[in-house]
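Working notes, beginning with the structure itself.
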Amino acid sequence: MSIAAEIPAPAPRPKRRKALWLVALAATAALGGLTYAFTGVEDTVGKGFQERPMACSEAMYAMGWVLPDHASDQQCTELSGGLAGHTQSGTFRMSRADVRPWLASLSGERNQPDGVGSDSVVERKEGLALGILRPSGSLQADEVRVNVRWDSEDTAVVTFETFDY
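With positions in the sequence shown counted from 1, the corresponding number in the working numbering is that position plus 8.
Okay, here's the thing in C-alpha cells:
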C-alpha cells in the first residue's frame, strides 16, 4: 500500500475565504462612502456658494432700478449657488434729500404693511424702509428689502438685500 493512498484527501474548504473577501470589500465601500459623504459634501457646500463683489449699478440694473446719482461708498455683493439661488445685497451713501424720490422710483410690487402711506415707505425715527415684491428686472428675486438710515442732516446710508425663497 502506498502512503498516498492512506492519507485521505483534504476535505473541501468552505467558501469562507471568498465570503471574507466580500465582507471586506463591502466594508471598504461603506467606509469610503461615509468618508466621501462627510468630506465630499462639505467640499461641495464650500464650492456651491459663491460670493463675489459686484458694482452696485449692476445690482440695481438687475432689479430694474437705477443707482442714485452721486451714490458713494458703494459695497455690493452677489451670492449664487446652493439653496440660496441668486441673491444680492449692498450698501451705499446718497443725499438725504433724494432718498424719498429715489424710493418712489423703484419698480415692482410694493409690500404694503399696515399704517403706511400710498408709496409704501415706512417712516421711522432713524430713517425709512421699503419692501418690494418681485422687482421688475432680470433678477428672479421674490423680495427686496431697502432700509435707509439717516447718517447726518445731509446724507443717508441705503442698505438693500434680495431674497429668493
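Just so it is clear, CB atoms sit at the ideal spot from N, CA and C, and this is done for glycine as well.
Range of the contiguous beta strand (DSSP E) that encloses residue i
i, result
"Glu169", "Thr163 to Phe171"
"Val154", "Glu151 to Trp158"
"Asp81", "Ser80 to Ser88"
"Val74", "First-last for Val74: undefined, no H or E at that position."
"Ser103", "His94 to Ser103"
"Leu138", "Gly135 to Leu141"
"Val129", "Segment: none, Val129 is in no beta strand (DSSP E) and carries neither H nor E."
Exposed unless 16 or more other CB atoms sit within 10 angstroms - verdict on residue i
i, result
"Ala112", "exposed"
"Val74", "exposed"
"Gln83", "exposed"
"Pro143", "buried"
"Ala105", "exposed"
"Pro76", "buried"
Straight-line gap, residue i to residue j (C-alpha atoms, nearest Å)
i, j, result
"Trp158", "Leu114", "19 Å"
"Val165", "Glu86", "19 Å"
"Ser128", "Val107", "14 Å"
"Glu59", "His94", "10 Å"
"Cys64", "Thr163", "18 Å"
"Asp51", "Phe57", "Residue placement at Asp51 cannot be trusted, given a pLDDT of 45 that sits under 50; what the coordinates show is reported in the next sentence. Each residue's alpha carbon lies about 11 Å from the other."
"Lys133", "Arg118", "21 Å"
"Met62", "Tyr173", "22 Å"
"Gly116", "Trp110", "13 Å"
"Ser88", "Arg153", "18 Å"
"Ser160", "Leu147", "32 Å"
"Gln120", "Glu131", "13 Å"
"Leu141", "Ala149", "8 Å"
C-beta contact flag for residue i and residue j at 8 Å
i, j, result
"Thr170", "Asn155", "no"
"Ala70", "Gln96", "yes"
"Ala67", "Met102", "no"
"Glu151", "Gly139", "yes"
"Gly98", "Gly145", "no"
Boundaries (first-last residue) of the alpha helix (DSSP H) holding residue i
i, result
"Met68", "Cys64 to Ala70"
"Trp110", "Val107 to Ser113"
Near the ligand NAD: residue i beta-carbon under 7 Å from a heavy atom
i, result
"Ser160", "The ligand NAD is absent from the structure shown, which contains no ligands of any kind."
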